[in-house]
Each structure stands twice: as C-alpha cells, then as structure tokens.
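Trainee:
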Amino acid sequence: MPEKEIAISIQNLTKILGGRKVLDNVSFDIYRGEIFVIMGGSGHGKSTLLRNMTGALIPDSGKILFNGQDLLKLSVAERERVQRRFGMSFQSSALLDFLNVEENVSLPLVEHTKLSPKVIDIISKMKLSLVGLQGFEKYYPSELSGGMRKRAGLARAIAMDPEVVFYDEPTAGLDPVVCAVVDQLILDLTRKLKLTSIVVTHNMESVFRIADRIAMVFKGKVEQIGTREEIRNSKNPIVQQFIKGELEGPIQIT
Ligand SMILES: Nc1ncnc2c1ncn2[C@@H]1O[C@H](COP(=O)(O)OP(=O)(O)O)[C@@H](O)[C@H]1O
Ligand SMILES: [Mg+2]
5 MPEKEIAISI QNLTKILGGR KVLDNVSFDI YRGEIFVIMG GSGHGKSTLL
55 RNMTGALIPD SGKILFNGQD LLKLSVAERE RVQRRFGMSF QSSALLDFLN
105 VEENVSLPLV EHTKLSPKVI DIISKMKLSL VGLQGFEKYY PSELSGGMRK
155 RAGLARAIAM DPEVVFYDEP TAGLDPVVCA VVDQLILDLT RKLKLTSIVV
205 THNMESVFRI ADRIAMVFKG KVEQIGTREE IRNSKNPIVQ QFIKGELEGP
255 IQIT
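Here our numbering is used: the first residue of the sequence shown is 5, the next is one more, and so on.
(1) Counting C-beta neighbours from all protein chains within 10 Å, is the total for Ala81 16 or more, i.e. buried, or is it exposed?
(2) Determine the burial state of Ile190: buried for a count of at least 16 other Cβ atoms within 10 Å of its Cβ, exposed for fewer.
(3) Give every residue of the same chain whose Cβ lies closer than 6 Å to the Cβ of Ile214, excluding the five residues on either side of it in the sequence, and list them in chain order.
(4) Excluding five sequence neighbours on each side, which residues of the same chain lie with their C-beta closer than 8 Å to the C-beta of Val123?
(5) Considering only DSSP beta bridges, list what Ala219 is partnered with.
(6) If we count the other Cβ atoms within 10 Å of its Cβ and call it buried at 16 or more, is Leu251 buried or exposed?
(7) Can you tell me where the alpha helix (DSSP H) holding Ala11 begins and where it ends?
(8) Using the three-state DSSP reduction, which class does Gln138 fall into: helix, strand or coil?
(9) Quick check on Ile218: buried or exposed, where buried means 16 or more other Cβ atoms within 10 Å of its Cβ?
(10) Mark Met152 as exposed unless 16 or more other C-beta atoms lie within 10 angstroms of its C-beta, in which case mark it buried.
(11) If distances are taken between C-alpha atoms only, which option among Ser79, Val114 and Leu54 comes closest to Lys19?
(12) To which residues of the same chain is Lys225 closer than 6 Å at the C-beta, ignoring the five residues directly before and after it?
(13) Measure how close the beta-carbons of Gly59 and Leu99 come, nearest whole angstrom, since I'm counting them as under 8 Å.
(14) Start and end of the beta strand (DSSP E) containing Leu69?
(15) Within 10 Å of its beta-carbon, does Met57 have 16 or more other beta-carbons around it, so buried, or fewer, so exposed?
(16) Does Pro145 come within less than 8 Å of chain B when only Cβ atoms are used?
(17) Please list, in chain order, all residues with a C-beta atom less than 6 Å from at least one heavy atom of ligand 1.
(18) To which residues of the same chain is Val41 closer than 6 Å at the C-beta, ignoring the five residues directly before and after it?
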C-alpha cells in the first residue's frame, strides 16, 4: 500500500483563551483525501482547533504544516494565499440574506479571482448542481429549507476548488433525514473532488457515517485518534462514554 500523504500536520498546538489552555499540546496528522472527524463535547475546544487550522486564530505555541509548509512562518499575504485553498462551511458563515443563492456562491470568485462574470456564472451553476441545487439559483436564502441552505453553503465552500474543506457542525439543527443527506453530500464531494475534509461534530450518527478517522477531543487534548472500528472498540472510558452517551463515566457534566 502506498504511503499516506500528509495534508495537514498539527504539532504541539497550544491555545490560551481567557487565561485557560483551551488547546493543550495537540498533535495529529490529517491525510490527503480523508474525512477526518473531530468529535467531543461542547466547550472542549473543537471549534478553537478548527479555527487555528484555518488561520482564524493564531496559536500560542506549536506548528501547523500544510503540505509541509509552516503556516505560522508565512507572511500575512502568503498565508492568505494558502488560505484560498481552504473552503469553509461554518455555522456562523451563513449565507448573505440579501444575495440569491447563485450570488452567494459567486462571491468568493468575484472577490478573489479575475474571472469574467460569464465564467463565474458557469462555475457557480456547476457548484450548485454538485450539491443538488440546480434550478434554485435565483432563490434567496430565506426561501430555502435548512438543509438546502446548508447545501448552498457547501457550494460556496467549494466555489474556489479548495484542497481542504473545514466544516464546523455541518448538521447542527437538521432533522435526521436531512442530516443524512448532508452527510452523504460531504462523502460525495470529498471523494468526487478529491478533497480533504475536516469535520467537527458531536452527532454520533454522522461520525460513524462519514469518518475515515476520528479524533476525540476532551478538555483541550486529543484523547484518541483512530478509524471508526478503533474508536468503536476503544478501551478508553472517556471515548466509550461519549460515543454511547452514557451518564456514568469519567466525563463530568457540570
Ligand atoms: N474568545 C474566547 N475567549 C475566552 N474563552 C473562549 C473564547 N473562545 C472560546 N473560549 C472557551 O474555550 C473553550 C472551547 O471552546 P470551543 O472551541 O468553542 O469549544 P467547542 O467547539 O468544542 O464547543 C470553551 O470553554 C469556551 O468558553
Ligand atoms: Mg464549537
């Protein structure tokens, strides 16, 4: 079997927020082409970890290598150039209400490329059809269901043909069927477009549906990293309590 290529390497990452170590010496590698899921309870540092990877936050110590390049050693302009190869599908980066779906997807292309309006139009239509929204180009976000808005957000995340896509709780607030649709879309897009996908979620069904590998984050540290099978069969009581949603165990609810 060929050696796995590392897309992103996180090394000894520590982030202090509000005087607390929200990330405590976190290290792991993400392989090219995989769906890497970061799971863990609320407030344990998942979003902070993602935001350090995307460059939205700068860690207090540690390294983030993207294709072997140390992101923190780059100039701001260089880092921004690298970040254009990242797509983001965050809860907070919702669609702009005053733009229709097609205009929302076009936005990164208008802002960051010199492509002609005609080409941008073709690309955004293509991205919308990839997420199953052909025919809805002229709809405004308020006219779409929650699941369709998520899909439109995904179309926007892949507008610039990213290498890596980050998702923060992509299925939050969706009913189980729509949740399955979004999960399937993440799987399809990752495989078809040969993306590397990094997904933060605490939805256990999603975790075991989409993950190639899973990292369990607990109190700012990585408890365990493994495949679905390895995590299912984990002997770590924190991991077991979390995936089974048990009341009794080392995870204290405060
Ligand atoms: N800007 C901030 N200032 C102070 N504390 C923060 C800030 N952002 C996040 N935190 C704290 O860091 C911890 C981890 O937050 P977060 O990464 O959002 O967790 P998760 O995404 O796993 O729910 C939480 O306790 C949160 O309150
Ligand atoms: Mg979060």
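By construction, the Cβ of each residue, glycine as well, lies at the ideal position given by its N, Cα and C atoms.
Mentor: The short version:
(1) Position 77 of the sequence shown, counted from the first residue, corresponds to residue 81. Label assigned to Ala81: exposed.
(2) Sequence index remark: in the sequence shown, residue 190 carries index 186 (1-based). Buried is the call here.
(3) The sequence position of residue 214 within the sequence shown is 210, counting from 1. These residues qualify, in order along the chain: Ile39, Asp187, Ile190 and Leu191.
(4) If you number the sequence shown from 1, residue 123 lands on position 119. So no residue of the chain qualifies.
(5) For the purposes of this step, residue 219 is taken as residue 215 along the sequence shown, with counting starting at 1. Answer is Ile42 and Ile229.
(6) Position 247 of the sequence shown, counting from 1, holds the residue named residue 251. Answer is exposed; the Cβ neighbour count stays below 16.
(7) Counting from one through the sequence shown, the residue named residue 11 turns up at place 7. It is not in any alpha helix (DSSP H) - Ala11 instead sits in the beta strand (DSSP E) that spans Ile10 to Leu21.
(8) Translated into positions along the sequence shown, residue 138 becomes position 134. Note: Gln138 maps to coil in three-state DSSP.
(9) Translated into positions along the sequence shown, residue 218 becomes position 214. So Ile218 counts as buried.
(10) Within the sequence shown, residue 152 is the residue found at index 148, counting from 1. Met152 is buried by the Cβ-count criterion.
(11) What you label residue 19 is simply residue 15 of the sequence shown in a count that begins at 1. Per the Cα distances, Leu54.
(12) Residue 225 sits at position 221 when you count from the first residue of the sequence shown. Cβ neighbours of Lys225 beyond the five flanking positions: Asp28.
(13) If you number the sequence shown from 1, residue 59 lands on position 55. If you number the sequence shown from 1, residue 99 lands on position 95. That belief does not hold up - the Cβ atoms of Gly59 and Leu99 are roughly 22 Å apart, past 8 Å.
(14) As a working note, residue 69 is residue 65 in the sequence shown. Per DSSP, Leu69 belongs to the beta strand (DSSP E) from Ser65 to Phe70.
(15) As a first step, residue 57 is located in the sequence shown; it is residue number 53 there, counting from the start. Answer is buried; the Cβ neighbour count reaches 16.
(16) The structure shown contains no chain B; it holds only a single protein chain.
(17) Leu21, Gly22, Val26, Gly44, Ser46, Gly47, His48, Gly49, Lys50, Ser51 and Thr52
(18) Translated into the one-based positions of the sequence shown, residue 41 becomes position 37. Val203, Val211, Ala215 and Ile218.
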